[in-house]
Amino acid sequence: MSLLREDRWLRRAAIFCGVSFGGFLLWGSLAPLAEGVTAYGKVAADMDRQVVQHLEGGIVDEILVREGDMVEAGQQLMILRDVSAISGRTQVAIDYADIRATIARLAALSAQDKTLDLSGFDFGDIDKETQQEIVQRQKDLFAQQNRKLAADVSVLEARRLGLKERVENSETEIESNQHQLEIVRRELKEKRQLLSEKLIAAAEVTALERDEATLTAEIGRLTTAQATAKAEVAELTEQIAQTRAEFAREVAADLVKARSQRSEFAQKLLAMEDVVNRSVITAPVAGTILNLTMNTTGGVVRAGEPIMEIVPSNDALIATVQVRPSDIESVYGGLAVRTRLSGLAGWRTPSLDGEVAQVSADLKTSQSGDYSYYEARIRMNSEELDRLDTEVIPGMPIEAFIRSGNSRTLIDYLFEPLNNTIRRGARS
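Take the sequence shown: its letter number 1 is residue 0 in numbering that gives the first Met the number 0, and every next letter is one higher.
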C-alpha cells in the first residue's frame, strides 16, 4: 500500500515537473524579451558649465560671492579695478566733449554768430574744472578766428574806401573841368567870330584854344584815373568776398573733419565704457558657484584666465552615458531609454523613462586613455524626475538601458552562442 502511494506521488511530481518544464520551454520560445544596450554615465546639465573669465584682467577690488553660492543671471560676482581703463575712458570722454564743443564753435562761425553760447552744452560726467577749460578754450578760439577774419577784411575794406574817395574826388574834378571847358568853348566861339571880323588879335583866340586843350587833357587824365580806381574798388570788393568765402570754406572743412572725429571718439568712448563696465563681472546664467579661484581682494586676474565656474541650476537635466563601440549600431537618436540613478540607495528607487537625444559622431577616449566609447545624451523627462523624493543634481551616476526596439525570445538568447559557433565553423 505504501509503495502504491509512493508511486502515485512520484508520478504527480513527474507530471508537475514535465508541465513546468514544458511551460518554461513554451514561454522561452514564444515570449518576447526587449532587446537593448546597457550603458553607464552621469547626470549633467543640458548646458555645460559656464566658465567666468575677464577679457582684459585687472586687480580684484571686491569679491561678492563665495564657493557654493547660488546666483541669479546678471548678479554681480566680482569687481575689478583697472586703473589704465578708467584713466583711458576719462581721457576719451574729455576728447569726445572737446570735439563736440569744437563742432558747436565751428557751427557758430558758419552761421556768423557774434558770440559762442555753450551754457546748455552736455559735458557728461566730466569734472567742472575740465568743463570750464573746454568752454574757455573754445570761446578764445571763436574770438580769435573772428578777429582774424575781421582784420583781414578790415585791411581790404580800408583800401577800398580810399579808392572810392579817389573816385568821388575825380568825379568832382571832372565835373569842374567840364564846366570850365564849356565856358572856354563858348568864349572861344565868340572870339573866333570877332577875329573873323578883325576886331581882336589872333593871340586871344590862340590862348583860348590852348586852355581848351589843357582842360580836355585834364578831363581825360581824370577819367582814366577814375576808371582805374573803380576797377581797383571792384577787385577789392571781390577780394573781400573771397576772404569771407575762404574763411567759410575752411570752417566747413574743419566742421566735416570734426564731425568725423566725433564719430571716432564716440566709438572709442563706447569701447572704453565697455571695458570699464566689464570691470563689474556678472553671472551669465543662474546657478551654483564652483571652482572660485580668487578668495582675497588685491589679487591679479590675468586676461582670459578662468575666475570661477557656474553650474546652471535652471537648465534641463540630461544623462551622458558611454556606449561601447560594439553596441553603437543599436543606439541612435529617438530610442526609448529606461534609466536608474545608481547612486541613490534603496531598491525602491524608481526607474525613469527618457529618450536618446544625440549620439556623438566619433569615438571619444577616456581621460585615462584606457578605452574608447561613443557618448550618448539622454533627455530626462521632467515629469519622471518629479517622482523622485531626492533632488537630482549634475554629477549623479546613472545606469541606462537603451531599448533598440527589437525583441528576441529566451531560446534565441540561449542558442545565440551555439548559432555563432556554427556560423563561424561553416565559414571556416
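For glycine and all other residues, C-beta sits at the position ideal for the given N, C-alpha and C.
Residue i burial status per 10 Å Cβ neighbour count (16 or more: buried)
i	result
E174	exposed
I392	exposed
P504	Residue 504 is absent from the model: the chain starts at 0 and stops at 427.
V255	exposed
L32	Here L32 scores only 48 on pLDDT, less than 50, and its place in the model should not be relied on; the value that follows carries that caveat. So L32 ends up on the exposed side.
Q137	buried
D81	buried
M77	buried
G35	buried
V355	buried
N294	exposed
N- and C-terminal bounds of the beta strand (DSSP E) containing residue i
i	result
D352	351-358
E374	371-379
E61	57-62
Q321	316-322
L291	Per DSSP, L291 belongs to no beta strand (DSSP E) and is neither H nor E.
For residue i, the three-state DSSP class (helix, strand or coil)
i	result
I239	helix
I125	coil
E308	strand
Q366	coil
V232	helix
L32	With a pLDDT of 48 at L32, under the threshold of 50, the predicted position of this residue should be treated as unreliable, though the coordinate-derived value follows. L32 falls in the strand class under three-state DSSP.
V255	helix
V330	coil
G27	Its pLDDT being 46, under 50, G27 is placed unreliably by the model, and nothing is read from it.
V300	strand
V391	coil
K113	coil
D361	coil
S118	coil
L343	coil
R220	helix
R386	coil
R248	helix
For residue i, the residue or residues it bridges with in DSSP
i	result
I280	M77
V336	G353, I401
Y39	Q321, E398
V51	M307
G286	V70, P311
Item to check | Whole runs of the beta strand (DSSP E) within the segment 132-218, excluding any shorter than 3 residues | outcome: Those beta strand (DSSP E) runs which fall completely within the segment 132-218 and span 3+ residues do not exist here.
Checklist entry - At what residue ranges does the segment 69-111 contain a whole run of the beta strand (DSSP E), taking only runs of 3 or more? => result 75-80
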